[in-house]
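J.: Residue numbers (this note's numbering): 1104 to 1540.
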């Protein structure tokens, strides 16, 4: 029963390689059932969250219903991508000595803060929120995990209940933090739009990052980040083939190859990268016996494509595992004891796949029209909520809006509301709030 344990962390024995502070939670709480590790509880909390379920309604790369082929199977969503990323990360992390539940928890949570319409919605929300701290999907993930997703509450100084989100362990929050710095504090690129915490979430961020060496990400976060890269680079190409947007034979034609490399440079690899290196990376993949040189949707073609995706994931993960082991030996690697080593050639191969999906799926003319429409939906929805709030807000956000101390805080509540929506619910709410009265 609650309150019977002499100390809230007495029975939280960290896995090998983890110090006792790694299993601390912002709000101490006893175990409900002995025998589970703290990281197993973290994983379960994310897996059972409404935020994870909502990812089923958020597009990954191919929007359902936009296939050029009648036989196209269901494309991935943000949810299925997160599940696949978690499987990749769990196995790679375990092979390197990480706690597998901790890495899986980080992978499951890495996209929770993404708004409707993916990066397109993220850009529109950032423009709307420019005067209240901006918007970034990774910073929103931290906010969701530590504040928005209802799971645990504590009493404020005034005695009012205050949400602490899922109340994950310090290590889980750190592992889920891909960009451990506030806006404008990127360690090598101050102009970067990537950041991991809003100013009003700094207390819990600073607690989670206590004793972390500067802006260095922990080892589990690096495994999560690479697993994300591997999963979406491989699977976005697979979905592009399924949807009929990509003919793999075009990757042998020089004009098409150059177009892919132009997409990659500056976006997926550093500016100044020699296109010849990208050409070599692409050729290494095309030369594999399992590479899909054609696709017609038949069962045999689907099986061959699925084998190719498995081969690619194994290739990218084994390269990282081998290089990291060569650098750090065969012991358990966790937290800040090591850096994930990914060979340059492997990173270039992964980047080329990202550029292929970008070139043939995301840059289609109909996608450009769709993205323009999505930005209008987000902008008009934000404008309508600003004018009518608390009308239009879910009960959870209505209460937060009413309790907000100033306009800046009220605007952040509106941002939180929009970010929580799926693609379909964003369009539905937009229609309801902008319809003539």
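C-beta atoms are modelled at their ideal positions from N, C-alpha and C, and glycine is treated no differently.
In whole angstroms, what separates the C-alpha of residue 1116 from that of residue 1314?
T.: 20 Å
J.: Residue 1123: buried (16+ other C-beta within 10 angstroms of its C-beta) or exposed?
T.: exposed
J.: Which word fits residue 1186, buried or exposed, when buried means at least 16 other C-beta atoms lie within 10 angstroms of its C-beta?
T.: buried
J.: Let me make sure I understand the geometry here. Which of 1279, 1197, 1352 and 1129 has the alpha-carbon closest to that of residue 1459?
T.: 1352
J.: According to DSSP, residue 1258 sits in a beta bridge with which residue or residues?
T.: Residue 1258 is bridged to 1264.
J.: Quick check on the burial criterion: 16 or more other C-beta atoms within 10 angstroms. Buried or exposed for residue 1564?
T.: Residue 1564 is absent from the structure shown; the chain starts at 1104 and stops at 1540.
J.: Could you tell me if residue 1244 is buried or exposed, where buried requires 16 or more neighbouring beta carbons within 10 angstroms of its beta carbon?
T.: Here residue 1244 is buried, its C-beta having at least 16 other C-beta atoms within 10 Å.
J.: Within the same chain, show all residues whose beta-carbon is closer than 7 Å to that of residue 1472, passing over the 5 residues directly before and after it, in chain order.
T.: none
J.: Can you list, in chain order, the residues of its chain whose CB lies under 6 Å from that of residue 1109, leaving out five sequence neighbours each side?
T.: With a pLDDT of only 40 at residue 1109, under the threshold of 50, the placement of this residue in the model should not be trusted, and no figure is reported.
J.: Is the distance from the Cβ of residue 1311 to the Cβ of residue 1273 below 8 Å?
T.: yes
J.: Looking only at its own chain, which residues have a Cβ that is under 7 Å from the Cβ of residue 1431, when we skip the five neighbours before and after it?
T.: 1441
J.: Comparing alpha-carbon positions, which option in 1266, 1150, 1195 and 1480 lies nearest residue 1428?
T.: Here the closest residue by C-alpha is 1195.
J.: What are the boundary residues of the alpha helix (DSSP H) that residue 1293 is part of?
T.: Here residue 1293 belongs to no alpha helix (DSSP H), and DSSP marks it neither H nor E.
J.: Going by CA-CA distance only, name the one from 1457, 1456, 1422 and 1461 that's closest to residue 1444.
T.: 1422
J.: Roughly how many angstroms separate the alpha carbons of residue 1364 and residue 1344, rounded to a whole number?
T.: 19 Å
J.: Any idea if residue 1330 is buried or exposed, counting beta-carbon neighbours within 10 angstroms, 16 or more meaning buried?
T.: buried
J.: Please determine if the segment 1478-1493 and the segment 1403-1416 are in contact, where contact requires at least 3 C-beta pairs separated by less than 8 Å.
T.: no
J.: With a threshold of 7 Å on Cβ separation, who are the neighbours of residue 1537 within its own chain once the five nearest residues in sequence on each side are excluded?
T.: 1483 and 1487
J.: By Cβ distance, which residues of its chain are closer than 8 Å to residue 1424, with the 5 residues on each side in sequence left out?
T.: The beta carbon of residue 1424 sits closer than 8 Å to the beta carbons of 1195, 1198 and 1199 from its chain, once the five residues preceding and following it are set aside; these are given in chain order.
J.: Alpha carbons only, please: which of 1256, 1368 and 1140 is nearest the one belonging to residue 1203?
T.: 1140
J.: Could you have a look at residue 1124 and say whether DSSP puts it in helix, strand or coil?
T.: In the structure shown, residue 1124 sits in a helix (DSSP, three-state: H, G or I).
J.: For the candidate residues 1161, 1234 and 1264, whose alpha-carbon lies nearest to that of residue 1217?
T.: 1161
J.: What residue does the alpha helix (DSSP H) around residue 1205 start on, and which one ends it?
T.: Run containing residue 1205: 1203-1212, per the alpha helix (DSSP H) assignment.
J.: My guess is that residue 1178 and residue 1342 are in contact by the Cβ rule of under 8 Å, so how many angstroms apart are they, rounded?
T.: 5 Å
J.: Residue 1457 lies in the alpha helix (DSSP H); which residues open and close that run?
T.: Element bounds for residue 1457: 1447-1460.
J.: Kindly indicate which residue of 1480, 1461 and 1257 has the alpha-carbon position closest to the one of residue 1267.
T.: Comparing Cα positions, the closest option is 1257.
J.: Once you ignore the five residues that flank residue 1239 on each side, which residues in its own chain have a CB closer than 6 Å to its CB?
T.: Only 1298 meet the Cβ criterion.
J.: Tell me which same chain residues have a C-beta within less than 6 Å of the C-beta of residue 1118, skipping the five on either side of it?
T.: Answer for residue 1118: 1202, listed in chain order.
J.: Quick one: what does DSSP say residue 1368 is sitting in, helix, strand or coil?
T.: strand
J.: What is the residue span of the alpha helix (DSSP H) that residue 1379 lies within?
T.: 1378-1389
J.: Taking DSSP's pairing of strands, which residues face residue 1180 in a bridge?
T.: Per DSSP, 1162.
J.: Pick out whichever of 1302, 1397, 1447 and 1265 has its Cα sitting closest to the Cα of residue 1377.
T.: 1447
J.: Can you tell me whether residue 1283 is buried or exposed, with buried defined as 16 or more other CB within 10 angstroms of its CB?
T.: It is buried - the Cβ of residue 1283 has at least 16 other Cβ atoms within 10 Å.
J.: With DSSP run on the structure shown, which of helix, strand or coil describes residue 1300?
T.: strand
J.: Considering only residues of the same chain and omitting the five flanking positions on each side of residue 1107, which have a CB-CB separation below 6 Å?
T.: Residue placement at residue 1107 is flagged as unreliable, the pLDDT there being 39, under the threshold of 50; a coordinate-derived value is accordingly withheld.
J.: From residue 1399 to residue 1388, what distance separates their C-alpha atoms?
T.: 20 Å
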